[in-house]
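Numbering (full-length UniProt numbering), first residue to last: 1 to 134.
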Amino acid sequence: TPSKDGNEVHIAIMGSNCGGRNGRYKYVRELQKHIAVDVYGGCGPKKCPGHFFKDCVKLNNYKFYLSFENSNCDDYLTEKVWWNALRKGSVPIVLGSKRLNYQRLLPPGSFIYAEDFPTPKDLANYIRQVLSDP
């Protein structure tokens, strides 16, 4: 998806709960300082009407999806991982549960664990590295 400056945006997130106990949108805002992220739903300028009742096809073109849960809980994975990322062919960048839970529940090598990176800037640099590696 092209951004305002014409560059391709490879990362998206969609949500209606802009708070969340884990500060996920604070992380998103910090990440946006280093790499473009399209924010859909009530927490950003991009809209996907009816997304609570049907698929948001606008998410189909992103290589990465921020599957950031509202809270950090064990064994808690929602549609953010399954429906909004993996089903659409996007790599989920996950935040919300322990790494071990994602490793146990998701296919090997199918996700990026945000907490593996000391800062959002480090995550942005890694995403750029992945994008540049054919």
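All residues carry an ideal CB built from backbone N, CA and C; glycine is no exception.
Note that this is a predicted model, so its numbers are computed, not measured.
Backbone secondary structure at residue i - three-state DSSP
i: Gly15; result: strand
i: Tyr62; result: coil
i: Lys46; result: strand
i: Ser67; result: strand
i: Asp133; result: coil
i: Pro92; result: strand
i: Val9; result: coil
i: Ser3; result: Low confidence applies to Ser3: its pLDDT is 48, below 50, so where it sits in the model is not reliable, and the reading given next is rough at best. Residue state, collapsed to three classes: coil.
i: Val39; result: strand
Contact under 8 Å by Cβ, residue i with residue j
i: Tyr62; j: Ile93; result: no
i: Cys43; j: Tyr25; result: yes
i: Ala124; j: Leu59; result: no
i: Arg128; j: Ile13; result: no
i: Phe68; j: Gly96; result: yes
i: Tyr113; j: Tyr126; result: no
Supposed contact pair residue j and residue i - C-beta distance, whole angstroms, cut 8 Å
i: Lys46; j: Asp38; result: 5 Å
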